[in-house]
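Protein chains in written order, with the numbering used here: chain A, 158 to 735; chain B, 362 to 1053. Here the structure is laid out as structure tokens; the discussion comes afterwards.
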């Protein structure tokens, strides 16, 4: 039954991604599309406001400058809105300004498409901040990633060119033609399933069964926070953002009420990242390349889903000893249900756990801290291998392409030729940029975790003893250091120490690779293409897919195995031996 | 090629080279030398650090036992020395060769002329004082003082110092044999030479610099690989350096065990960084250049050698490369009423005095097919008619009979002048021969046409298979010929080339190269004449024949001392082999890390998390034995792979996918499995010897 759910998920994902991918290719190529006439007006209007002609072409340096400038402005706006929310409308609960360190962390988090949440949304942020700062960022930070990918794609597709397109045009097209319409449709579907969408204040309801609070006073009334949730949830999933409206994220019944809303949300996590593989193939005029990349990603995703499902269904030694029912029956799944919503059970939690960490989404529908040690190892590894299995919209695929370049380099040498990918020769400059792009997240993750585990300021936030406590630190930095944003839980991260260190990790993990990838795009665009022949290493074959995965896993494993040995692996072995 | 390889193998381990290499590997411990190779520099720093820790341990305040730290430190030094040894060994033979080259031009005194005449005033100056544009006189017994162009005279020269070929060669003014190389020796006669290069730029200087590796800059691929290796080193540095705080945290959280020692972290780091390829990288490049020199090819730079591996279009001159030197007679077609023997006899008579290869081949064919012996006509009253551009015929007048052979139209004129007619049958056979890509020669005696001789280019044996091999490697072959389109097409089909350029002019060749390059191809060609120079300069890989002109040699980036155009194919193979060796050893090096993790990690954290023992799949004796075994394996594998690095990985022509699959199985899968066995074996040996 669980396996069937995973199968259905994948079977629906592939055709959905293919259709969307082809659509995206037409959008970025500036061709006519289905909703083109309507959305085209909006696109032209926005570009006119920006003062950018639709035919603008920028060098990689100008492209990068525009991107960094735009992201800086975004950061400042989000920071300012949080600090000034008490002065702004749509603040029904009258929240005061967010603390500077928390505001910094959140601003970085949403500008970098990480959407790590150090704050509790419903208890700290006004509606205005949620909508104007966070929801807007959900769109533009996702569009930034897509723009970088499209620029890199042009680098492969163009020959002898000095420019790689216009950041502004790519940004606007991503928002107008993809993210906005899809979010609108998804938001309506979610509202139909019961996700809240209102500007009213919180609802107050009488408790049916009044209870005594800690101070002994009888509690008779509950405040249920409401707000414009559906509109934010839609883009949080589609843009691999993951920052929920509620602190409990998609485990909250008003953010994700039932299995159907759950399925739609889980599907939209991987929809655009998967579609972009197809788009890439179409834009470089060799669709097989896109299918190969998608196949490589699926070849990791599906086994991971099955693994988590197996680990969680098996429960824990303590549960077995206590005689907790592991057999599932139609009304109830068995296994380790701690931290899981009973309305989703093990299978839908497993799908979500893997999808949200494979993609750099970070939303949760169950508590990752409560996964079995090995069940928790899978999402951690998925993040540590650089968020390239689907990954963030755009960023996942450009990360994967960086790995493809490294793979091609090693294999190309082995066949006795200067390595080339999609006809472009890979030289010293490309290797330098690829190394930088891979190095950024490693540095952010390991450096940050080392810093936090060495200092008292870092250690105090840890909730659990022993290896599990270390896992909490490692997970937090793996999440921030790969721009995922998923939280393991257990770690009290809303402290000045963690807000700053995690913020810095997010900045390194996002912008170092972006600059390196744009430089790659610029360098590749200038090259002429080598014609394909029998001496060319084919990059669309199962063998290449295998090698690409081998490289991703080897680099990821070799980098993180020592740390993992001290965290989840030791944790698991101890749990078993206890 | 195989003979070159055998020569290479047998000379690597010659006494003096080996002794020199051992000395050099100690000399290369200098940090300034090490800093050039980031991977090995990290090992060097690790060795220094662990040595210091060893001293500290000896003084009684160390973080680990003295014996253990000392063992790790010693093996780290050994790792550095082994890598140095590989490089020194690769350089060693080049140095020996350079020394002998240098000896050839020691104390050469040049006879500088005031003017470019033999009888001009002579001034004796040392060879290094010569400048470009000076004139020198060289006489029998002299050593030629410089590279230059012959202006006057003809002489035989012994070029064995450069080419290793002992047969003397002729050098004369004008034409394609007018260039001389400094350091070679005149055997006879005299030459007046114009110096063509300044001191330090001569061919010999280039060769010395090349074999010594003195000016060996990193090639583009080598540079890219070095960057990747440096990147990986930084990643592993991060992974191991952060383990210290992680371990501190674990010890504190667990309340048990000891923090992982710096010695162990350094050992882990050195095991993880790609030392195997890092240590052998420069040796691979130097050995590749050396293989090129063994093949008697001198490259202007490592870049040219590497580019050879990327070549995907090969332009080959028809004559000498695809076909045997010249056209040969292969068949006689008698005219109606003429016997085959009569035609063969007449053809032989008409060719007896014809010293051209075509003429000789007619004589030979008549002899072989019809038992007609060569006759000595000197006794007879024979008068030979030489070929001229006006008559376009040659032949003989003997005893009142006239035999002529020549092009069909020339013979037709000759026959009709004698009042004869040109039979339709002969016209038919002439046309048929031409259609098939061969050259018809018609034989006549006064008014009577005797028949036709078919002259045909003979394609070299085995060349078709060679081109098939190249095609599977993804290399397109293009034949260049001055022949007409029809002839060219026929030979192209017979030789199995992919394309051809007929009636090629130097401009057409240049245009063809540009055209291929604009489509992204890498073009290689060989040439020897001055008119080849523009095309050679344009080609990505240009092999000039050593026998060729100075202009051709300057335009090319490789010079073939054997002057064998077929060498191009060998050059491409050597280029590919260098890249394959680098890629395979990199893969091997990275794949090795998997086993090393299984050895080192459980050992490193044995005191904090004894549960991690389950990862010790090799069941190694003790934690220190496990760590030491991994370090020792890591050092020894460099030595074990030195022969492979110097020889290059086995090269079999084939498509990219097939080659990749094979190398992946050998070096990828092998790289994962071998260290498991190796580390276990070392662990057992250490235990048996009671070393830990």
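Glycine included, C-beta positions come from ideal geometry on N, C-alpha and C.
Separation of residue j from residue i, as counted between CA atoms
i: residue 186(A); j: residue 560(A); result: 25 Å
i: residue 614(B); j: residue 572(A); result: 50 Å
i: residue 645(B); j: residue 514(A); result: 42 Å
i: residue 521(B); j: residue 774(B); result: 51 Å
i: residue 441(A); j: residue 545(B); result: 56 Å
i: residue 511(A); j: residue 466(A); result: 10 Å
i: residue 425(B); j: residue 419(B); result: 10 Å
i: residue 389(A); j: residue 596(B); result: 37 Å
i: residue 522(A); j: residue 516(A); result: 15 Å
i: residue 562(B); j: residue 540(B); result: 15 Å
i: residue 378(B); j: residue 1004(B); result: 15 Å
i: residue 471(B); j: residue 491(B); result: 8 Å
i: residue 907(B); j: residue 847(B); result: 32 Å
i: residue 439(B); j: residue 387(B); result: 10 Å
i: residue 464(B); j: residue 482(B); result: 29 Å
i: residue 653(B); j: residue 660(B); result: 8 Å
i: residue 618(B); j: residue 969(B); result: 4 Å
i: residue 262(A); j: residue 272(A); result: 10 Å
Within 9 Å, strictly: CB atoms of residue i and residue j
i: residue 501(B); j: residue 547(B); result: yes
i: residue 885(B); j: residue 915(B); result: no
i: residue 732(A); j: residue 529(A); result: yes
i: residue 996(B); j: residue 1047(B); result: no
i: residue 727(B); j: residue 743(B); result: no
i: residue 505(A); j: residue 416(A); result: yes
i: residue 705(A); j: residue 309(A); result: no
i: residue 305(A); j: residue 209(A); result: no
i: residue 949(B); j: residue 1009(B); result: no
i: residue 626(B); j: residue 605(B); result: yes
i: residue 1064(B); j: residue 988(B); result: The requested residue 1064(B) does not occur in the structure, where chain B is confined to residues 362 to 1053.
i: residue 207(A); j: residue 329(A); result: yes
Cβ distance (whole Å) where residue i is taken to contact residue j below 8 Å
i: residue 959(B); j: residue 940(B); result: With 8 Å as the limit, residue 959(B) and residue 940(B) do not qualify as a contact, their Cβ atoms being about 31 Å apart.
i: residue 554(A); j: residue 433(A); result: 5 Å
Residue-chain proximity (residue i, chain A), Cβ-Cβ < 9 Å
i: residue 381(B); result: no
i: residue 398(B); result: no
i: residue 979(B); result: no
i: residue 748(B); result: no
i: residue 1029(B); result: yes
i: residue 419(B); result: no
i: residue 650(B); result: no
i: residue 775(B); result: no
Heavy atom of the ligand FMN within 8 Å of residue i beta-carbon
i: residue 903(B); result: As far as ligands go, the structure on display features none, and thus does not contain the ligand FMN.
Contact with chain B by residue i, beta-carbon distance below 9 Å
i: residue 587(A); result: yes
i: residue 446(A); result: no
i: residue 283(A); result: no
i: residue 734(A); result: yes
i: residue 592(A); result: yes
i: residue 275(A); result: no
i: residue 195(A); result: no
Chain-ordered neighbours of residue i on chain C, where CB pairs are closer than 7 Å
i: residue 395(A); result: Of the chains in the structure shown, none is chain C; the protein chains are A and B.
(message) At a CB distance below 9 Å, what residues from the region 590–614 of chain B approach chain A? Give them in sequence order.
(response) 591, 592, 593, 595, 596, 597, 599, 600, 601, 602, 603, 604, 605, 606, 607, 608, 609, 610, 611, 613, 614
(message) Please list, in chain order, the residues of the region 535–569 of chain A that have any C-beta partner in chain B closer than 8 Å.
(response) 563, 566, 567, 568, 569
(request) Closer than 9 Å, Cβ to Cβ, to anything on chain A: give me those residues from the region 937–948 of chain B, in chain order. (result) 937, 938, 939, 940, 941, 942, 943, 944, 945, 947, 948
(request) Quick one: which residues of the region 829–840 of chain B get their C-beta closer than 8 Å to a C-beta of chain A? List them in chain order. (result) 832, 833, 834, 835, 836, 837
(request) Check distances from the C-beta atoms of the region 898–918 of chain B to those of chain A and list, in chain order, the residues that come in under 8 Å. (result) Listed by position, the residues of the region 898–918 of chain B near chain A (Cβ gap below 8 Å) amount to none.
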